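Protein sequence lines correspond, in order, to chains A and B.
For the first sequence, UniProt numbering assigns the number 1 to the initial residue and increments by one for each residue that follows.
For the second sequence, UniProt numbering assigns the number 1 to the initial residue and increments by one for each residue that follows.
Cβ coordinates follow ideal geometry from the N, Cα and C atoms, glycine included.
Everything numeric in this text was worked out from a predicted model, so none of it was measured.
Comments concern the structure below.
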Amino acid sequence: MAKKIKNGNGISKYNRNKYIWAYIFILPQIIVFFGFSLYPIVMSYVYSFYDWSGIGPLTNFVGLKNYSRILTESSFWNAFGNTFVYTAGFTVVSISIALILALVLNNPNLKGRGIYRTVYFLPVVTTMAIIGIVMQNIFGTQGFFNEFLKAIGLIDQSISWLSNPVLAMILLIIIGSWKEIGITMIYWLTGLQMIPREVYEAAKIDGAGSWQTLRYITLPLLKPIGATILLLTVVSSMRVFDLVKTLTEGGPYFATETLELYIYRFAFAPDGPSQVGFASAAGVILGLTVFIVSLILGWVVYKVSGQKRKPLGGGIK
Amino acid sequence: MKNRTAMFMTHTLLIVFGIIWIYPFIWMISSSFKTNSTFLTSGINPLPENIHWDNYIRAWEVANFSGYFLNSVIITLSTVLIVITLSCLTGYALGRVKFPGRKVIITIVVALMFIPSGYTIIPLYELMKMLGLSDSIFGVVLAESSGAHILFILLFAAFFSRVPQEVEDSAAIDGAGFFRTFAKIVLPTAKPVIATAAIMQFVWTWSSFLVPLVLTLNSPELRTLAVGMLSFVGRYQTDWTGMAAGASISLVPVILIFIVMQRYFIEGISGSVK
């Protein structure tokens, strides 16, 4: 900084050189961002105003017709409802189990914590689409799970898990949660490690037992990060696709068809010609729904944590 | 004494649930070594009578998992390389240089990340068609590399902004220009951040499903493991052990890489919530 005052002219040339380099450095990312992220986002709206099969030019502008048609389709509302059922189930199951795991694994006296963490995190790194196919086999009528239940005497007859609408949805929620709990567990562990050790020491001096410490100290202090975790979990599960596509294909009879699957069906695998315009309109509705939900949860994050924490942008000041 | 009992109970529960937790993978690997007939008759016994590699040979050669595997490797490695390069350069510029317009760029990018998006895979597919890349592996790579990579940019920017100014100054005195300072002096110190970003992007791209599914609809020879698996079970519905072998081919590499590199991966996840 001192140099700048001493030798203004030379340094400003040095700075200008630096600025040019900085622009060169960010240019590739900007191009990719505008070309391959922003353009598709804009066009995902544009397509939704056309009656278009995906082939040939966009000529048949229909205004909001796709939207008005969607809102009267019961199949759309079925998918909409399924998405919310999945999201609610996934959120409750994964957040609570992940918290229990994190509380257990956060105990510094527990030996082998690293190994347990690896084991419970493992499903996260595996491919959801492959898991769906493997699980379809395990939970098939002649699959491993039925054989196992028979072997330990819990059932006499095989259960067709995936042909029952309720069981299929429960299975989706359990497998989806199992796959992602590791991430949520790491989030909770991060939150637990941000609690200063002195707080626990003070509680100990005051004679608080471990349950009291958990109830009155740990859990309240986890609230801010808990709100962020809730936001991330809900938003990530509303766009569920890979698992549903490979495990149930939305079946039986569309009982587990979520919105992403509904959109995919109209865009790429329709009974008849593709309805890309219609699918795009459904995509916009899904995007707006996710947006509204994240605004509400974002407001919760803001309320719970005051202005101290921001979920994003902490790295750059 | 009470404490020790509690600890013992904790370990017992963690081990029992841990085995159940990863049993699907144990089942998958053990089934991949069985023959289709022992698979049906062996019930719940996880141990194959003897190791059969036939399923792997069949999946690899007949069901074209060799091709899927190669596609997955090429697409994943190229995407990792592109994404790391882009976010590292951007992070360096944003973290080290207070150039005019820097704040504006950060604001625009973060704001755009929050605007609701529709079904972007269709425009992405159309874009690749326009660029003449819809039947090429490069099109899949480009589509996989799209996005703003905010998390990685933030990780890099935060890291580079902590490099002391003296490092840069002394490099300048030695006559190193901006680029040489970056490439020869600062970049080598960023290995941990590069490792974190690389392993995360590797796992994401390896597991990616919708993008390769849509972009290879008309070109089966470009399918990745995740997409190829779906067409495999569509074609050979009763080849369960072949399915298990195919699933193992796609899952075991990423599991092994994770076990070796897990420190970086978990740090990255933990960084994303902070």
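MET128 of chain B: member of the alpha helix (DSSP H) spanning 121–130, first to last residue. Per DSSP, reduced to three states, the secondary structure at PHE241 of chain A is coil, with no helix or strand assignment. Sequence-distant Cβ neighbours of VAL254 of chain B in its own chain, meaning closer than 7 Å and more than five residues away, are VAL203, TRP206. Taking every protein chain shown into account, the CB of PRO108 of chain A has fewer than 16 other CB atoms within 10 angstroms, so this residue is exposed. Residues of the segment 131–162 of chain B with a C-beta atom less than 8 Å from some C-beta of chain A are LEU142, ALA143, SER145, SER146, GLY147, ALA148, HIS149, ILE150, ILE153, LEU154, LEU155, ALA157, ALA158, SER161, listed in chain order. Neighbours of LYS18 of chain A in chain B, taken as residues at a C-beta separation under 8 Å, are given in chain order as VAL97, PHE99, PHE178.
Cβ proximity to chain B below 8 Å picks out TRP178, ILE183, ILE186, TYR187, LEU189 from the segment 168–189 of chain A. Note that the C-beta distance between TYR116 of chain A and LEU187 of chain B is not below 8 Å.
Annotation: THR12 of chain B has no Cβ neighbours in chain A at a cutoff of 9 Å; minimum Cβ distance is about 12 Å. Not one beta carbon of chain B lies nearer than 8 Å to the beta carbon of LEU154 of chain A.
By the neighbour-count criterion, in which 16 or more other beta carbons inside 10 Å mark a residue as buried, GLU166 of chain B falls on the exposed side. Per DSSP, reduced to three states, the secondary structure at TYR50 of chain A is strand.
With its beta carbon at least 8 Å from every one in chain B, GLY250 of chain A lies outside the interface. Contact of ILE263 of chain A with chain B is assigned, a C-beta pair being separated by under 8 Å. ILE225, THR228, ILE229, LEU232, PHE241, ASP242, LYS245, THR246: these are the residues of the segment 223–253 of chain A whose beta carbon lies less than 8 Å from some beta carbon of chain B, given in chain order.
Restricting attention to alpha helix (DSSP H) runs no shorter than 4 residues, the segment 179–255 of chain A encloses them at 197–205, 210–213, 219–238, 242–247, ordered along the chain. For the pair TYR50 of chain A and VAL62 of chain A, the CB atoms are nearer than the 8 Å cut-off. Pairwise C-beta distances place the segment 146–166 of chain B in contact with the segment 30–42 of chain A, as three or more of them are shorter than 8 Å.
Membership of ASN164 of chain A in any alpha helix (DSSP H) is not indicated, and neither H nor E is assigned to it by DSSP.
A straight line joining the alpha-carbon of GLY143 of chain A with that of ASN137 of chain A spans about 6 Å. Secondary structure of PHE25 of chain B (DSSP, three-state): helix. The CB of GLN262 of chain B comes closer than 8 Å to the CB of THR118, PHE121 in chain A, given here in chain order. According to the DSSP assignment, GLY132 of chain A belongs to the alpha helix (DSSP H) that extends over 128–138. A straight line joining the alpha-carbon of ILE106 of chain B with that of ARG162 of chain B spans about 18 Å.
Between VAL203 of chain B and chain A, the shortest Cβ-Cβ separation is below 8 Å. Using a Cβ-Cβ distance cut-off of 8 Å, the segment 187–199 of chain B and the segment 111–126 of chain B are not in contact, since fewer than three pairs of beta carbons, one from each stretch, lie closer than that value. Between GLY287 of chain A and GLY118 of chain B, the gap from beta carbon to beta carbon is short of 8 Å. Look at the segment 5–58 of chain B and you find these whole runs of alpha helix (DSSP H), each 4 residues long or longer: 36–41, 54–57. In the structure shown, PHE268 of chain A adopts coil according to DSSP, grouped into three states.
Straight through space, the alpha carbons of LEU215 of chain B and LEU133 of chain B are spaced by roughly 10 Å. DSSP places PHE61 of chain A within a strand segment (E or B) once states are collapsed to three. For PHE84 of chain A, the enclosing alpha helix (DSSP H) starts and ends at 74–105. Nearest CB-CB separation between TRP211 of chain A and chain B: not below the 8 Å threshold. Within chain A, no residue has its beta carbon less than 8 Å from that of PHE33 of chain B; the closest one is some 15 Å off. Look at the segment 99–123 of chain B: the residues with a C-beta under 9 Å from a C-beta of chain A are PHE99, PRO100, GLY101, ARG102, ILE105, ILE106, VAL109, VAL110, LEU112, MET113, PHE114, ILE115, PRO116, SER117, GLY118, TYR119, THR120, ILE121, ILE122, PRO123. By the CB criterion at 8 Å, MET169 of chain A and ALA255 of chain A fall inside the cutoff.
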